[in-house]
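Here my numbering = 1-based position in the sequence shown + 829.
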Amino acid sequence: MNQGLLAVLAVIGALAAVFLLVFAALAAYDAVSGNGLMEDMGGMMEDMGGMMEDMGGMMDDGMGGMMGGGGPETTGSASGRGEVRIESFRFEPTTLNVTPGTVIVWTNQDSAPHTATAKDESFDTGRLDEGEAGNVTFDMPGTFEYVCDFHPRMEARIVVGQ
Numbered sequence: 830m831n832q833g834l835l836a837v838l839a840v841i842g843a844l845a846a847v848f849l850l851v852f853a854a855l856a857a858y859d860a861v862s863g864n865g866l867m868e869d870m871g872g873m874m875e876d877m878g879g880m881m882e883d884m885g886g887m888m889d890d891g892m893g894g895m896m897g898g899g900g901p902e903t904t905g906s907a908s909g910r911g912e913v914r915i916e917s918f919r920f921e922p923t924t925l926n927v928t929p930g931t932v933i934v935w936t937n938q939d940s941a942p943h944t945a946t947a948k949d950e951s952f953d954t955g956r957l958d959e960g961e962a963g964n965v966t967f968d969m970p971g972t973f974e975y976v977c978d979f980h981p982r983m984e985a986r987i988v989v990g991q
């Protein structure tokens with residue numbers, strides 16, 4: 830197992846242990862004081878549950894997903910309509926060559942949320958949860974590099990020809 834993976838797992842385990850310790854202390858305090866503190870924590874617990882769910886999705890998709898990017902460069906081409914799959918914390922293809930006026934559709938096939946956001950801020954699909962899609966029309970020639978806002982090591986590009 831690589832050291833980066835072990836370090837990430839150690840940090841996640843430590844955070845979970847601290848969370849459980851704090852929760853147990855607050856529960857004991859609430860039982861003794863009777864002031865309803867635990868009821869006030871309901872919203873916070875829901876937020877923590879969502880964060881843990883996102884982390885679980887990253888773990889399901891492998892540690893490569895937590896680090897983002899990686900894997901071979903892939904190339905595709907399209908005219909009129911193009912598709913980019915978001916899977917295993919990668920954009921597929923990593924380079925898509927298109928003609929002007931092509932609509933690109935990004936579909937998230939990962940359990941974690943992703944975006945397709947231009948490095949120059951010229952486009953952004955917004956948050957795409959599992960199964961959701963976002964699209965952008967490319968009218969102007971040029972190379973448009975983009976990343977996932979949540980996982981910036983996920984990188985790809987759209988190349989619009991003349």
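We put the CB at the ideal spot given by N, CA and C, even for glycine.
Exclusion of the five residues before and after residue 966 leaves 932 as the residues of its chain whose Cβ lies within less than 6 Å of its Cβ. Closest by C-alpha distance to residue 978, out of 989, 841 and 949, is 949.
Apart from sequence neighbours up to five positions away, the residues of its chain that approach residue 924 with a beta-carbon distance below 6 Å are 904 and 986, ordered along the chain. The C-alpha of residue 837 lies about 10 Å from the C-alpha of residue 843. Boundaries of the beta strand (DSSP E) harbouring residue 920: 919-921, taken from the DSSP string.
Contact check for residue 934 and residue 902: beta-carbon distance about 21 Å, past the 8 Å limit, so the pair fails to qualify. Looking at the DSSP output, residue 905 bridges to 925.
Nearest to residue 942 by C-alpha distance, out of 963, 841, 990 and 926, is 963.
As DSSP reads the structure, residue 974 sits in a beta bridge with 986. As the crow flies, the alpha-carbon of residue 926 is around 12 Å from that of residue 974.
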